[in-house]
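Here is the structure we will look at, set down as structure tokens.
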Amino acid sequence: MKKLPVNCPSCESPLVASQLSCSECETVISGSYSLPVLLQLSKEDQDFIFEFILTSGSLKKMAAKMEKSYPTVRNKLDDILEKINNLKN
Amino acid sequence: MKTLLFKPFEKYSEQKLLIVGVIATLIGALVAYVLNCRFVGVFQMIFDDNTIIQSLIDNIIIMCCLITFLFISAKFIYKKTRLIDIIVTTLVAFIPFYILPIFNINNTLKIAHDNILMHSPPELVDQIPMINLMILIVFGLFTLLILVWVISLLYNGFKTAANAKGVKAMVIFGIALVLADIASRYLIFHLN
């Protein structure tokens, strides 16, 4: 799957979605839609959040599944929370 | 392998690390007792006759001092720090130190040390037995390597437990180590 670019390769500013299209009827919508915060995270961080939801938010289960220690997983979650807060501000 | 030797705290659960740490601490105290060594501070080992109880008490005092100062520092950096993570960090990070008493099999290091001291007056310096000097130099260099290993283990464990980053965390960690060393030396000197 292709990685969704979230920052401009030229000036590194956040990108916005300017065109959406329907793959069935080829309707095209133009505009300027900012990307959701979660999409602006790296693929690794998005995968982490996905796993977090799949384990019902249990860091202990996640640690066991990822074969990492509990504090390592907790630190990763805290780092992602910090990134999300920075993106929101 | 690098993770196992330097960053076990990132991978292994606290239960596994705690079991390894407690067993290693008991073995370490036993080895120090059998080979006539004493850990009398976080960063100090001497050659001295002792009892197994004294050896255990020395280790417990050192661990308690390290755990106390590292935990207070970690809490200062990161409020969610768990005590168990600091305990396993301390117990596991100290394991390499337990290799050091092995150098004193048959009192090798103590004899070399005493021989050199005996030849310390200026007129006797050129009579220092070369073999004794070599033994202490090799031991000194090996001790430095072990020291680097222990400190990197301690720092990696501290970093994981306290989600610590940057220079500020390193400085706080350094201060905690120095204070733990001073406190442990003081307590061992006054309690034993």
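Residue numbers (the numbering used here), protein chains in the order written: chain A, 5 to 93; chain B, 484 to 675. Ideal Cβ placement from N, Cα and C applies to all residues, glycine included. A quick note: this is a predicted structure, and the numbers were derived from the prediction, not measured.
- Within chain B, the residues placing a beta-carbon under 8 Å from that of A/Thr76 are Phe492, Glu493, Lys494 and Thr643, ordered along the chain.
- The DSSP assignment places no complete run of the beta strand (DSSP E) inside the segment 592–663 of chain B (cut-off: 3 residues).
- The Cβ atoms of A/Thr59 and A/Lys69 sit closer than 8 Å to each other.
- Taking 8 Å as the cut-off, the beta carbon of B/Ile544 is found no closer than this to the beta carbon of B/Leu660.
- Distances from the CA of B/Leu488 to each of B/Tyr561, B/Lys499, B/Met528 and B/Ser635 were compared; the closest alpha carbon is that of B/Ser635.
- Contact residues of the segment 634–665 of chain B toward chain A are Thr643, Ala644 and Asn646 (C-beta to C-beta distance below 7 Å).
- The three-state reading of DSSP puts B/Met528 in strand, counting E and B together.
- If you check the CB distance, B/Phe656 and B/His596 do not come in under 8 Å.
- B/Leu574 and B/Ala507 do touch by the CB rule: their CB atoms are close to 7 Å apart, below 8 Å.
- Residues of the segment 67–92 of chain A with a C-beta less than 9 Å from any C-beta of chain B: Ala67, Ala68, Glu71, Lys72, Ser73, Tyr74, Pro75, Thr76, Arg78, Asn79, Asp82 and Asp83, listed in chain order.
- The beta-carbon of B/Asp609 is placed no less than 8 Å from the nearest beta-carbon of chain A.
- Residue environment for A/Lys92: exposed (fewer than 16 other C-beta atoms within 10 angstroms of its C-beta).
- The residues Phe586 and Leu592, in chain order, have a CB closer than 7 Å to that of B/Phe622 in the same chain once the five nearest residues on each side in sequence are set aside.
- Between A/Ser22 and A/Ser34 the beta-carbon gap is near 6 Å, inside 8 Å, which marks them as a contact.
- In the three-state scheme derived from DSSP, where H, G and I count as helix and E and B as strand, B/Arg521 is classed as strand.
- Under the 8 Å Cβ criterion, the segment 64–80 of chain A counts as touching the segment 637–652 of chain B, having at least three qualifying pairs.
- Annotation: B/Tyr581 to A/Phe54 spans about 43 Å, alpha carbon to alpha carbon.
- Comparing C-alpha distances from B/Phe672 to each of B/Gln537, B/Met613 and B/Ser496 shows the shortest one belongs to B/Gln537.
- The alpha-carbon separation between B/Val633 and B/Leu553 amounts to approximately 14 Å.
- Under the DSSP assignment, A/Ser60 falls outside any alpha helix (DSSP H); it carries neither an H nor an E label.
- B/Asp568 belongs to the set of residues whose beta carbon lies under 8 Å from a beta carbon in chain A.
- Of the candidates B/Ile550, B/Leu513, B/Thr626 and B/Cys548, the residue whose Cα lies closest to the Cα of B/Ile535 is B/Leu513.
- Listed by position along chain A, the residues whose Cβ is nearer than 9 Å to that of B/Glu497 are Ser73, Tyr74 and Pro75.
- Taking B/Ile569 as the centre and dropping the five residues before and after it, the same chain places the C-beta of Ile550, Leu553, Phe554, Ala557 and Ala644 closer than 7 Å to its C-beta, in chain order.
- When secondary structure is reduced to three states using DSSP, A/Tyr74 falls in the helix class.
- Burial of A/Ile84 is indicated by the presence of at least 16 other C-beta atoms within 10 angstroms of its C-beta.
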